[in-house]
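Colleague:
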Amino acid sequence: MKVFFSLIVFSFVLATCQGACFQGLFEAELIDGKLVTPNTCTDIYDKKKHLLVSTWNTDYCFRCECLESGFSCCHRYGGIGYVEGCKTVVNPVTCQHESYRLDDPSQRC
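Using mature numbering (1 follows the signal peptide of the UniProt record, and there is no 0), the letters of the sequence shown map in sequence onto residues -19 to -1, 1 to 90.
#1: Between which two residues does the beta strand (DSSP E) carrying Y63 extend?
#2: Whole angstroms are fine: how far does the CA of T39 sit from the CA of C22?
#3: Can you give me the start and stop residues for the beta strand (DSSP E) that T21 sits inside?
#4: Just how far apart, CA to CA, sit D84 and V70?
#5: Assuming C76 is part of the beta strand (DSSP E), what are its boundary residues?
#6: Among D27, G51 and G59, which residue has its Cα nearest to the Cα of T18?
#7: With distances taken from CA atoms, which of N72, C42, C76 and S35 is nearest N20?
#8: By Cβ distance, which residues of its chain are closer than 6 Å to F7, with the 5 residues on each side in sequence left out?
#9: For Y26 and A1, what's the separation of their Cα atoms in angstroms?
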């Protein structure tokens, strides 16, 4: 039930997030009468676990940090790229903006 509630809260945060970053907070659990906080963060995309005070890059161009209070992830490519007369896309391998000519998409701007 806790996992379901956490997913609902996380979905709400993602749906209302207008920026390029999001966060998730740890929830302490009561195990054998003791309050226990997690010592790892779980990547929401690939479900891999990451140690506290670590950083990693996701397959979706996010750079994430596992902090003592939870995790924080931000886009690696920053703001919106725009070049007049070109279409700008984010390269999923390099996580960088790339601009291509509108009249010849095989040519970079």
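Beta carbons: idealized from backbone N, C-alpha and C, even for Gly.
Modeller: Let me lay it out:
#1: Per DSSP, Y63 belongs to no beta strand (DSSP E) and is neither H nor E.
#2: 13 Å
#3: T21 to T23
#4: 16 Å
#5: Neither: C76 is in no beta strand (DSSP E) and is coded neither H nor E.
#6: G51
#7: S35
#8: T18, P19 and G51
#9: 16 Å
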